[in-house]
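These notes concern the structure reproduced below.
Numbering (the numbering used here), first residue to last: -3 to 111.
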């Protein structure tokens, strides 16, 4: 069963990146042919910042991501501009403690297409 990311909203300013998986062949006369590579060839990647969150919220996020790192499983999460949940993995995140009792976590979520 796929776990769901904790219901903690990221700060405004999240960045969405898409880089379709494709092969390009360029010919001498300027003509270019593009081939899509794979079934799910346009995955999304989100760079998120959870700013000014409490110690409890930070621990919830970190414990969740640590658990997913341990079991290698994808998790469900809904991007800020969408209502549907998709499957994601988080390969790296950072935590800062700018003031006592407040935390900032920055993470990059990479969309996956696991069954």
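For glycine and all other residues, C-beta sits at the position ideal for the given N, C-alpha and C.
Check whether residue i and residue j have beta carbons under 9 Å apart
i	j	result
residue 93	residue 56	no
residue 97	residue 50	yes
residue 54	residue 91	yes
residue 40	residue 83	no
residue 109	residue 60	no
residue 81	residue 104	no
residue 48	residue -1	no
Neighbour-count burial assignment, residue i, 16 or more Cβ in a 10 Å radius
i	result
residue 99	buried
residue 33	exposed
residue 46	buried
residue 23	exposed
Under the three-state DSSP convention, the category residue i falls into
i	result
residue 109	coil
residue 40	strand
residue 31	strand
residue 81	coil
residue 71	strand
residue 25	coil
residue 54	helix
residue 46	strand
residue 3	coil
residue 65	helix
Distance between beta carbons of residue j and residue i, contact taken as under 8 Å
i	j	result
residue 31	residue 19	5 Å
residue 6	residue 38	The Cβ separation is near 22 Å, so there is no contact.
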